[in-house]
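Q:
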Amino acid sequence: KQWYQRRVSITAGIKRNAQYYKQYEAAEREEVRLDREAKANGNYYVPAEAKLAFVIRLRGVNNIPPKPRKIMKLLRLRQINNGVFIKLNKSSREMLRIAEPFITFGYPNLKTVRELIYKRGFGKINGQRVAINDNSVMEEALGKYGITSMEDLIHEIFTVGPHFKQANNFLWHFKLSCVK
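Throughout the sequence shown, residue numbering follows my numbering, covering 71 to 250 in sequence.
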């Protein structure tokens, strides 16, 4: 019976992954179509504003005013070369603007999000940093939100879905190596 349930969940996961890839591909094709259409009509195509940013802390703790320090604490950027995903809205953009001398940020694509989570991603369970070795860790922590696999987590983060806050909170901040 356990074997059968596991097989059913694996099959459902594979179907969900195929659906995600189809969705990403359709969105990419739509962007290209709109760009070509605008160019054919003699116009310019302006893509939609990004909904997701990846923020990295650049400076240490010395000589940082209180407001940017508090903002970096809210963003979970406590050490140099720590990185986090954030949902972009008016207030988060304003926070980034205030802390800009001490951080850098960019708008990641799907490949970057996937590589960061697979290569440097750790989960947070009961305040402990836990390696994400298999989907059981994910299912235990985020199963109630419908996030049961790595691809579900990547999809939720990249699309800034309805459970982005819980998925992002599950992820431990990324400890990046210093730039050479």
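C-beta atoms are modelled at their ideal positions from N, C-alpha and C, and glycine is treated no differently.
(1) So, are the CB atoms of glycine 193 and alanine 211 less than 8 Å apart?
(2) What residue range does the beta strand (DSSP E) around threonine 174 cover?
(3) Report yes if the C-beta distance between leucine 122 and phenylalanine 155 is below 8 Å; otherwise report no.
(4) Note the first and the last residue of the continuous alpha helix (DSSP H) segment covering alanine 120.
(5) Starting from arginine 163, trace the alpha helix (DSSP H) both ways and give me its first and last residue.
(6) For glycine 83, does the three-state DSSP call read helix, strand or coil?
(7) Give the secondary structure of leucine 147 by DSSP, where H, G and I count as helix, E and B as strand, and everything else as coil.
(8) In chain order, what residues of the same chain have a beta carbon less than 7 Å from the beta carbon of glycine 186, not counting five sequence neighbours either side?
(9) Alpha helix (DSSP H) containing asparagine 238: first to last residue?
(10) To the nearest angstrom, how far is it from the Cα of threonine 218 to the Cα of isoleucine 84?
(11) In the DSSP assignment, find the alpha helix (DSSP H) that holds asparagine 205 and state where it starts and stops.
(12) Return the chain-ordered list of same chain residues with a C-beta closer than 7 Å to the C-beta of isoleucine 224, the five sequence neighbours on each side being excluded.
(13) Please work out which residues of its chain come closer than 8 Å, Cβ to Cβ, to alanine 107, disregarding the five sequence neighbours upstream and downstream, and give them in chain order.
(14) Identify whether isoleucine 134 lies in helix, strand or coil by the three-state DSSP scheme.
(15) Hey, quick one: how far does the beta strand (DSSP E) through arginine 129 stretch, first residue to last?
(16) Cα separation between histidine 233 and isoleucine 134?
(17) In terms of residue numbering, what span does the beta strand (DSSP E) encompassing valine 183 cover?
(18) Hey, how far is the Cα of valine 131 from the Cα of proline 138?
A: On the basis of the coordinates in this document:
(1) Yes, the pair counts as a contact, with Cβ atoms nearer than the cut-off.
(2) 173 to 176
(3) For leucine 122 and phenylalanine 155, yes; Cβs fall inside 8 Å.
(4) From DSSP, alanine 120 is part of no alpha helix (DSSP H); its letter is neither H nor E.
(5) 160 to 169
(6) helix
(7) Coil, per DSSP.
(8) The question names glycine, but residue 186 is leucine in the sequence shown. Taken in chain order, the residues that qualify are Phe244.
(9) Here the alpha helix (DSSP H) through asparagine 238 covers 234 to 240.
(10) Rounded to whole angstroms, the gap between the alpha carbons of threonine 218 and isoleucine 84 is 12 Å.
(11) 205 to 212
(12) So the list reads Val183, Arg184, Ile187, once near-sequence residues are dropped.
(13) Note on identity: in this sequence residue 107 is glutamate, with alanine being the wrong assignment. So the list reads Tyr115, once near-sequence residues are dropped.
(14) coil
(15) Where arginine 129 is concerned, there is no enclosing beta strand (DSSP E), given that its DSSP letter is neither H nor E.
(16) 33 Å
(17) Segment 180 to 190 is the alpha helix (DSSP H) holding valine 183; no beta strand (DSSP E) there.
(18) The alpha-carbon atoms of valine 131 and proline 138 are separated by roughly 11 Å.
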